[in-house]
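Student:
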Amino acid sequence: MPEYVKSSSVPTSEDLRSLSSSAFADSIGRKFALNTKSNCWCSALYFYGNQCNSSDFSKQAEARITEAARVWGISSDVETIKQAFQITEIPVTYALSFNFNNKQINRCPDHTKEAATESAEWLYSNRYHFPVKIQREAAVKLAAKANLGKLSHKAASYIDKLANPDSYSNLNCKVATAITDRLSGIPMAKWGALEDSMLKFAESINSKPFELCKESSVVVEALEAIDVKHSMTTKWGKSITHPVDVCYRASLTKVASDVDSTVYLTTGTPIDIHSISDSQLSKGLKIAGDEFLSYCQPDGLNIDRAKAAEILPTMPKPEARRFETAVKKAGYAPESTYELIDRLFKEAQMGMDYGMPMQQPQSDTEMMPGEDDAAFEARMNEKKEQAKLDSLDAQAGIAAAKARQARQQHDQSIMEQQMGQAQGVQA
18 MPEYVKSSSV PTSEDLRSLS SSAFADSIGR KFALNTKSNC WCSALYFYGN QCNSSDFSKQ
78 AEARITEAAR VWGISSDVET IKQAFQITEI PVTYALSFNF NNKQINRCPD HTKEAATESA
138 EWLYSNRYHF PVKIQREAAV KLAAKANLGK LSHKAASYID KLANPDSYSN LNCKVATAIT
198 DRLSGIPMAK WGALEDSMLK FAESINSKPF ELCKESSVVV EALEAIDVKH SMTTKWGKSI
258 THPVDVCYRA SLTKVASDVD STVYLTTGTP IDIHSISDSQ LSKGLKIAGD EFLSYCQPDG
318 LNIDRAKAAE ILPTMPKPEA RRFETAVKKA GYAPESTYEL IDRLFKEAQM GMDYGMPMQQ
378 PQSDTEMMPG EDDAAFEARM NEKKEQAKLD SLDAQAGIAA AKARQARQQH DQSIMEQQMG
438 QAQGVQA
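At position 375 of the sequence shown (counting the first as 1) the number is 392 in our numbering, and the numbers step up by one without a gap.
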């Protein structure tokens, strides 16, 4: 604010009533007094600040303000005010833009943070209608511009999966099952190189069913290609899982962090150094052998978890079995590799909160409230059986597809022999 405005007095209602109509920029409405330098500056501030110059009627008032500013020698000050309130139109840009059948398709405006946020929600709601590659390009733009904290959990998760595909994966057995589920519904006569290669891939990754799939980005495109080729895209979200949901089940950031805290006994049993309690560790180490407890308890009181992580994988099998039995009796429930990865995936999916607090899920490998020992053991056995079923499911799908392929090759061979015989007779 200029000094000449600060030092001036504010005109009263009587002062303004005493002025002639010609002292105002709007002589009819008696608005925007111009009788003093400070009044002229204040009138310009109100005039442009409230966008009073947006109508044709106001052009005359604006011209009078400009002329009065020239007379008072404050034209530059008034021009500064005008420029400060100048409305600048932001050109509309689109995160999702592509050519289809010689027609330009523009969706998901992202020229402002608000527009990008709304577009991110829209893209998630319409994810079954656009190719994954185009969605991925849009997601990268939207993730950089949208207010992720205002997105729904599912939309934020989906956008992040597309924008950061290398940070997500799924178990090999789950990916293999998704592949064989598709192949089982396709007549062998319609198989080509793509279907054959996907069957071989499913067979190769299912040899290590509980490891993470390392080719998720490639599989996404291959699954989408199969679905498009055989008109199965209408089944997405119904009888067929969308390729993105198959391959990018959960964030590897959380999974990797938790896997790093897990060590394996020589018996193959995983022990989470972060979740097992000091009491459980102490009891297990003591039963395994006093020398193990002494090593991990250098001050004689507190367990050093770093030392425990160092020594547990090196325990001979007899001592490892005693340790495992002792910690189980103390209430710790070791998980199989499958159970560990599956739990981490579930927690990682629920933990993508983007700043919004969410309740952490209770581990389903711990005893539930009101559950007795027999019920807990039965539930754990059921989980182990489910792990086996997941692996066998993928194996069965692969075997069925290979059997169908072999039958077709056999039938084709017989047909070729018969045709050869027929041609020989005709000759």
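Using N, Cα and C, we set each Cβ at its ideal position, and we do this for glycine too. It should be emphasised that the depicted structure is a prediction, and the values quoted were computed from it without experimental measurement.
What does a CB cutoff of less than 7 Å around R446 pick up in its chain, not counting 5 residues either side in sequence?
Tutor: The structure shown does not extend to residue 446, since the chain spans only 18 to 444, so no value can be given for it.
Student: Since S296 contacts A347 with CB under 8 Å, what's their CB separation in whole angstroms?
Tutor: So it is a contact: roughly 7 Å between Cβ atoms.
Student: Going by DSSP, name the residue or residues bridged to I288.
Tutor: V280, per the DSSP bridge assignment.
Student: If you count every other CB in all the chains shown that lies within 10 Å of the CB of Q314, and 16 or more means buried, which is it?
Tutor: With 16 or more Cβ atoms within 10 Å of its Cβ, Q314 is classed as buried.
Student: Classify L298 as helix, strand or coil using the three-state DSSP reduction.
Tutor: L298: helix per DSSP, three-state reduction.
Student: Taking contact to mean 3 or more Cβ pairs, one atom from each stretch, closer than 8 Å, check whether the region 182 to 191 and the region 157 to 174 are in contact.
Tutor: No, the region 182 to 191 is not in contact with the region 157 to 174.
Student: How would you write the range of the alpha helix (DSSP H) that Y65 sits in, first residue to last?
Tutor: Counting along the chain, the alpha helix (DSSP H) containing Y65 begins and ends at 54 to 66.
Student: State buried or exposed for M332, treating a residue as buried only when at least 16 other CB atoms are found within 10 Å of its CB.
Tutor: M332 should be labelled buried.
Student: What is the rounded straight-line gap between the Cα of S224 and the Cα of T197?
Tutor: Looking at the two C-alpha atoms, the distance is approximately 14 Å.
Student: Return the CA-CA distance between I203 and H247, expressed in angstroms with no decimal places.
Tutor: One C-alpha to the other measures close to 8 Å.
Student: If you follow the beta strand (DSSP E) that Y111 is part of, which residue opens it and which one closes it?
Tutor: Start and end: 111 to 117.
Student: Can you tell me whether A121 is helix, strand or coil according to DSSP?
Tutor: Reading the sequence as shown, one finds Gln at residue 121 and not Ala. Of the three classes helix, strand and coil, the one that applies to Q121 here is strand, per DSSP.
Student: DSSP beta-bridge partners for D213?
Tutor: DSSP, once it has assigned bridges, lists no residue as partnering D213.
Student: Touch check for the region 121 to 141 and the region 95 to 109: three-plus C-beta pairs under 8 Å?
Tutor: Yes, the region 121 to 141 is in contact with the region 95 to 109.
Student: Could you please give me the residues that DSSP links to D43 through a beta bridge?
Tutor: K48.
Student: Report the rounded CA-to-CA distance for G254 versus D307, giving the unit in angstroms.
Tutor: Answer to the nearest angstrom: the Cα atoms are 56 Å apart.
Student: So, using beta-carbon positions, are P230 and V192 closer together than 8 Å?
Tutor: In the sequence on display, residue 230 carries Cys and not Pro. In contact: C230 and V192 (Cβ atoms closer than 8 Å).
Student: Would you list the one or two residues that DSSP bridges to L188?
Tutor: Answer is L229.
Student: Roughly how many angstroms lie between the CA atoms of V22 and Q103, to the nearest whole one?
Tutor: Near 22 Å, if we compare the C-alpha coordinates of Q103 and V22.
Student: Taking the C-alpha atoms as reference points, what is the distance between D321 and K300?
Tutor: Cα to Cα, the separation comes out at about 14 Å.
Student: Could you pull the DSSP bridge partners for A267 from this structure?
Tutor: Paired residues: S186.
Student: Got a sec? Which residues, its chain only, sit under 6 Å from E238 by beta carbon, not counting five neighbours each side?
Tutor: Once the five neighbours on either side are set aside, E238 has no close Cβ partner at all.
Student: On a CA-only basis, which of I257, P351, A180, S268 is nearest A112? Give me that one, please.
Tutor: Cα-wise, what sits closest to A112 is A180.
Student: Answer with buried or exposed for I257, where buried requires no fewer than 16 other C-beta atoms within 10 angstroms of its C-beta.
Tutor: Buried.
Student: Looking only at its chain, what residues have a beta carbon closer than 6 Å to the beta carbon of S92, apart from the 5 residues adjacent to it on each side?
Tutor: A86, listed in sequence order.
Student: Mapping the DSSP letters down to three states, classify P260 as helix, strand or coil.
Tutor: Looking at P260 - three-state DSSP - the assignment turns out to be helix.
Student: Measure how close the beta-carbons of E241 and P148 come, nearest whole angstrom, since I'm counting them as under 8 Å.
Tutor: Between P148 and E241 the Cβ distance is about 7 Å, and since that is below 8 Å, they are a contact.
Student: By the three-class DSSP mapping on this structure, what secondary structure does W208 have?
Tutor: In this structure, W208 counts as coil in the three-state DSSP scheme.
Student: Tell me, to the nearest whole angstrom, how far the beta carbon of A61 is from that of L33; I am working on the premise that it is less than 8 Å.
Tutor: Wrong, their Cβ atoms sit about 17 Å apart, outside the cutoff.
Student: If you follow the alpha helix (DSSP H) that H170 is in, where does it begin and where does it stop?
Tutor: Taken as a continuous stretch (DSSP letters only), the alpha helix (DSSP H) holding H170 covers 170 to 180.
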